[in-house]
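Accompanying notes for the structure given below.
Number of protein chains: 2
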Amino acid sequence: MAQICLPIALEASDVEQLDSIIQRGRPLRKGERVFRQNDVFNAVYAVRSGTLKSYRVGGSGAEQITAFYFPGEILGMEGIGKGIHPNTIEALETAAICEIPFELLGDLSSRIPSLQRHFFQLLSQEIAEDQLLIAMLGKNSAEQRVAALLLSISARHARRKLSATAFRLTMTRADIGNYLGLTVETISRVFTRLQKNALLSADGREVIILDAGQLRAVAEGTAQL
Amino acid sequence: MAQICLPIALEASDVEQLDSIIQRGRPLRKGERVFRQNDVFNAVYAVRSGTLKSYRVGGSGAEQITAFYFPGEILGMEGIGKGIHPNTIEALETAAICEIPFELLGDLSSRIPSLQRHFFQLLSQEIAEDQLLIAMLGKNSAEQRVAALLLSISARHARRKLSATAFRLTMTRADIGNYLGLTVETISRVFTRLQKNALLSADGREVIILDAGQLRAVAEGTAQL
DNA sequence: CGTTCCATTGAGATGTGTCAATTCAAGTGG
DNA sequence: CCACTTGAATTGACACATCTCAATGGAACG
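Residue numbers (this note's numbering), protein chains in the order written: chain F, 1 to 225; chain V, 226 to 450.
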């Protein structure tokens with residue numbers, strides 16, 4: 001169980017301890033939420049299956065998606081700081097998650113140094129990823145952003161031993177646009193352009209990456225269409 | 226010393242221990258760097274005085290500023306994850322910082338639960354802040370972004386018991402533009418517009434906020450000019 | 001006292017947003 | 001099982017915010 005939820009190297013006895021604090025919840029259906037913005041924080045969650053999105057509602061009522069989560073990833077850590085979740089997490093499809101009560105995790109981390117380090121790393125990596133997104137939103141064209149997202153999703157599929165070139169998007173074009181700071185129409189047009197240049201084949205949400213090299217070049221701004 | 230660098234509530238004996246691992250470095254001058262992108266990570270840093278910026282250079286060679294740091298704030302935590310700093314930190318003016326070796330901090334955190342929690346919180350809050358910036362870059366107009374940044378800087382001055390309404394910017398218009406995903410010219414024009422509407426008075430980098438309420442309305446998109 | 005960096009302003013170009021219409025797929029209820 | 005509704009995606013025409021290019025003036029600095 002702990003193996004599935006927190007794939008790290010631990011002593012057998014440690015795994016046992018960790019195992020004891022992890023809760024398996026019922027699966028979420030599409031549209032259901034793990035927690036909502038402003039809920040009190042008391043646990044982080046590991047994605048076992050399915051995909052989810054994180055979003056927050058700003059002062060003007062506009063939603064902003066800040067992340068997509070795939071199996072093996074940890075979510076909910078933004079809430080540690082203030083003790084309140086600054087965002088809502090919603091399932092994009094049927095999804096199973098593990099709940100890891102934070103209070104107990106803190107205690108356990110004190111006793112298992114490698115676990116503590118692991119969580120520091122997880123938090124730190126989320127910062128690094130957010131900053132990557134910031135860089136993208138600040139500087140890149142619509143094509144670069146879409147290409148980068150597709151490559152990121154591709155890489156996350158590959159890490160799970162799934163096809164890196166053919167996969168199904170679980171989010172709508174609107175979600176993608178929202179995440180990348182673009183409109184639905186722009187996303188649609190970019191998809192069309194990428195297909196015309198034979199970098200991609202897309203039938204609705206079914207995507208096949210035809211030329212990963214070129215796609216990377218587009219993402220990095222080395223090539224343009 | 227530890228009091229200055231990590232203002233948290235600790236037992237006297239704990240403070241002593243923490244104190245012993247903190248290094249005071251020589252002050253940095255404008256343009257000097259704390260560390261560079263791809264340097265190996267082995268410490269985090271607390272800002273004692275002065276301001277700094279964090280930026281990373283992408284594949285296409287473009288710089289992207291991801292944060293500004295003020296006294297009392299902690300920087301360098303993005304590097305924990307991969308053991309390598311994903312960004313460069315550079316002083317915007319003369320600045321003094323404390324170095325906190327991470328190896329020792331980890332050990333100490335295991336023994337002092339409140340210290341561990343404190344660091345989890347710091348990391349988590351950086352995530353929350355980054356996501357706020359993401360939301361801004363994705364959805365907001367140039368005016369909203371500039372207004373929001375000015376208010377953020379104002380709040381950080383206030384936290385240090387300095388004037389929240391009158392202060393000197395330590396970064397150039399180019400830095401601001403880079404951070405907000407806008408060009409220098411746009412920043413300049415927004416400043417001009419904000420002044421014409423009497424929300425602000427700016428003489429070069431010297432800024433006086435004349436109408437914080439309206440400025441907040443602009444930042445939130447409730448008011449437009 | 002030149003040199004360099006920084007800030008401002010104008011005019012025109014352009015990428016992306018907005019508005020609107022259409023098609024298609026998936027549910028839903030009679 | 002068939003309308004009917006609803007949500008998602010695509011495409012076109014046009015608007016507009018911001019970028020690009022260019023010129024100028026001032027401040028900082030050696």
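Beta carbons: idealized from backbone N, C-alpha and C, even for Gly. These numbers come from a predicted model, not from an experiment.
Contact between the region 107-115 of chain F and the region 191-206 of chain F is absent: fewer than 3 CB-CB pairs across the two stretches fall below 8 Å. The CB of F:F120 comes closer than 9 Å to the CB of M302, I305, G306, F327, G331, S334, F344, F345 and L348 in chain V, given here in chain order. Of the other Cβ atoms in all chains shown, fewer than 16 fall within 10 Å of the Cβ of V:Q248; this residue is therefore exposed. In the assembly as shown, V:I337 is a buried residue. Its beta-carbon has 16 or more other beta-carbons within 10 Å.
Close to chain F, meaning a Cβ-Cβ distance shorter than 8 Å, is no residue of the region 371-385 of chain V at all.
For the region 87-149 of chain F, the full-length alpha helix (DSSP H) segments reaching 4 residues or more read 102-111 and 113-139 along the chain. Non-local beta-carbon contacts of V:M361 in its own chain, meaning distances under 8 Å to residues more than five positions away in sequence, involve Q369, R370, A373 and L405 in chain order. By the C-beta density criterion, V:E315 is buried, having at least 16 other C-beta atoms within 10 angstroms. DSSP places V:T417 outside any beta strand (DSSP E); the residue lies instead in the alpha helix (DSSP H), whose first and last residues are V409 to K421.
By the neighbour-count criterion, in which a residue is buried when 16 or more other Cβ atoms sit within 10 angstroms of its Cβ, F:N140 is buried. Listed along the chain, the chain V residues whose CB falls inside 9 Å of the CB of F:S163 amount to none; the nearest CB is some 25 Å away.
Three or more pairs of CB atoms, one per stretch, sit closer than 8 Å, so the region 296-307 of chain V contacts the region 260-277 of chain V.
Ranking F:G213, F:E73, F:G221 and F:G58 by CA distance to the CA of V:A353 puts F:G58 first. For F:D203, the uninterrupted beta strand (DSSP E) run begins and ends at L200 to D203, by DSSP. Within the region 50-76 of chain F, complete beta strand (DSSP E) segments of at least 3 residues are found at 52-57 and 63-69, given in chain order. In the three-state reduction of the DSSP assignment, F:I84 falls in the strand class, which pools E and B.
Residues of chain V with a Cβ closer than 7 Å to the Cβ of F:E126 are, in chain order, I352. Between F:I65 and V:I359, the C-beta gap is not smaller than 7 Å, which leaves the two residues out of contact. For F:Q23, the secondary structure class from DSSP, reduced to helix, strand or coil, is strand. Put simply, the CB of V:S285 is near chain F, with a gap under 7 Å to one of its CB atoms. At least 7 Å separates the CB of F:L210 from every CB of chain V. Around the beta carbon of V:I433, fewer than 16 other beta carbons sit within 10 angstroms, so the residue counts as exposed.
Rounded to the nearest whole angstrom, the CA to CA distance from V:E288 to V:N263 is 14 Å.
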